[in-house]
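Converting from the sequence shown to the working numbering requires adding 20 to each position, the first position being numbered 1. Below: the structure, in structure tokens.
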Amino acid sequence: METRMKSKQIDVRGFLLKIHKRLLGRNDKPGWIQQTIKYGLLIILGFVYIYPLIYMLATSFKSLEDLLNTSVKWLPTQIYWQNYIQAFNVLDIRQSLLGSLLISMIPTVFQVAVCGLVGYGFARFDFPFKRTLFFLLVFSFIVPPQILMMPTYVLYSELNFLGKLTVFIVPAALGNGLKSTLFILIYYSFFKQTPNSLYEAAEVDGASEWTCFTRIGIPMAIPAIIIVFLFSFVWYWNETYLVNLYLQSQPGNTRWITLLTQLQGFKDSYSSMASSSSAASVGVVDKLNEGITMAATMITLVPLLITYFVLQKYFVESVDRSGITGE
Numbered sequence: 021m022e023t024r025m026k027s028k029q030i031d032v033r034g035f036l037l038k039i040h041k042r043l044l045g046r047n048d049k050p051g052w053i054q055q056t057i058k059y060g061l062l063i064i065l066g067f068v069y070i071y072p073l074i075y076m077l078a079t080s081f082k083s084l085e086d087l088l089n090t091s092v093k094w095l096p097t098q099i100y101w102q103n104y105i106q107a108f109n110v111l112d113i114r115q116s117l118l119g120s121l122l123i124s125m126i127p128t129v130f131q132v133a134v135c136g137l138v139g140y141g142f143a144r145f146d147f148p149f150k151r152t153l154f155f156l157l158v159f160s161f162i163v164p165p166q167i168l169m170m171p172t173y174v175l176y177s178e179l180n181f182l183g184k185l186t187v188f189i190v191p192a193a194l195g196n197g198l199k200s201t202l203f204i205l206i207y208y209s210f211f212k213q214t215p216n217s218l219y220e221a222a223e224v225d226g227a228s229e230w231t232c233f234t235r236i237g238i239p240m241a242i243p244a245i246i247i248v249f250l251f252s253f254v255w256y257w258n259e260t261y262l263v264n265l266y267l268q269s270q271p272g273n274t275r276w277i278t279l280l281t282q283l284q285g286f287k288d289s290y291s292s293m294a295s296s297s298s299a300a301s302v303g304v305v306d307k308l309n310e311g312i313t314m315a316a317t318m319i320t321l322v323p324l325l326i327t328y329f330v331l332q333k334y335f336v337e338s339v340d341r342s343g344i345t346g347e
């Protein structure tokens, strides 16, 4: 009798232990509760980030009737391509896309190259006032850009850079482009992780410093190059204030326009139309503006999405190999 009682107690304890392991998991395997919490949080965060894109995409294909129909929430009754046709015309897609690519790509190429050289120099060489210069570099990163806005504008005006693409190219070529300090620090951390034995072995074989940089430094810094390229391209692409200030502030200068500045002007023009219309038609104008605006916004996002999807694999590998993981 006692043996049976003990065996039943053992069975109950074993059953409870199995439930405990399945619910709370073990050291090498998460349990059901942990998995539920993890995937639940991922679904919630994913929905928060994806919801605006889904909303924009659905609204961009809605006709005016669907926009005014309160029963149509997500799926339009028909695919209405006229929003995209009007958005292409309003954005002046050829000129604005070319302007966006030039303003984004050329300074980005200079930043990738110049910031890499500066970061390599700080990581590899010892020279007078190195710590002082590095401190000034970090200090320039924390200084609010609004403080330097007026002196920078006056300087560019005296150099006759305003209204020309050189207003972005020259600073990037001199290591003073958008977020250049951050990119230099990224390169610095990558080059600092490269073993000195590789450079010493190359120098023993007669390699120059330039050869060490091109044959050892650059291949080892491919993750940093990809990160800097993506971030720099996105920041220049999304920049509207400096584009309006430096390139479009001159009277009659309509050469350098971008997709985002056109989108900004498109919204303003429709807002002025709505304010000047009668109260009965304001809602209609707002709804029409919303559909075409969402189509124009999707058009401006397409180049960024294509760039990210093309480089997604390399970008994830770059983050995994960065200093975040300590490798």
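For each residue, glycine too, the CB sits at the ideal point set by N, CA and C. Here the structure is a predicted model, which is why all the values come from computation and not from measurement.
Which residue from the options puts its Cα closest to that of residue i?
i	options	result
E229	Q131, Y173, L168, F145	F145
T79	I99, S217, G66, V68	I99
F203	T152, K49, C135	C135
T14	K49, V110, T152, K93	With the chain covering only 21 through 347, there is no way to say anything about residue 14.
L250	L157, L73, I326, F142	I326
S160	Y261, N196, E85, I74	N196
I206	I247, L198, V224	I247
Y75	G66, Y59, A133, W94	W94
P106	Q332, E310, L321, Y328	What sits at residue 106 in the sequence shown is Gln, not Pro. Q106 has its Cα closest to that of E310, out of Q332, E310, L321, Y328.
E178	G60, S83, Y266, S91	Y266
L153	T201, F233, Q332	T201
Q213	V330, Y104, A241, L65	A241
Y104	V322, V330, Q332, L331	V322
G237	Q332, V92, G141, L62	G141
L262	P165, G60, K333	P165
T172	L156, V190, L331	V190
K184	Q54, L218, Q268	Q268
L137	L324, L84, L87, L194	L194
Tell me the DSSP secondary structure of residue i in three-state form.
i	result
W230	helix
S91	coil
Y100	coil
N258	helix
Q332	helix
V129	helix
L179	coil
F286	helix
Q115	helix
N196	coil
F145	coil
Q54	helix
Y78	Here residue 78 turns out to be Ala, not Tyr, going by the sequence shown. Here A78 sits in helix by DSSP.
Q106	helix
A244	helix
Q166	helix
I312	helix
F249	helix
With respect to the alpha helix (DSSP H) encompassing residue i, which residues constitute its N-terminal and C-terminal limits?
i	result
D86	84-88
K212	200-213
I189	186-193
T375	It is not possible to answer for residue 375, since the shown part of the chain is limited to 21 through 347.
Y219	216-224
I162	150-162
With a Cβ-Cβ cutoff of 8 Å, do residue i and residue j count as a contact?
i	j	result
Y9	L182	Lying outside 21 to 347, the shown extent of the chain, residue 9 is not represented and no answer is given.
I245	F188	no
Q284	S116	no
M125	F253	yes
A221	R235	no
W255	K199	yes
F67	G139	no
Rounded to the nearest angstrom, how far is the Cβ of residue i from that of residue j, given a contact under 8 Å?
i	j	result
A143	Y208	5 Å
G119	I319	So it is not a contact: roughly 14 Å between Cβ atoms.
P127	A192	4 Å
F81	P96	5 Å
Looking at the C-beta of residue i, does it have a partner C-beta in chain D at a distance below 8 Å?
i	result
N216	In the structure shown, chain D does not exist; there is a single protein chain.
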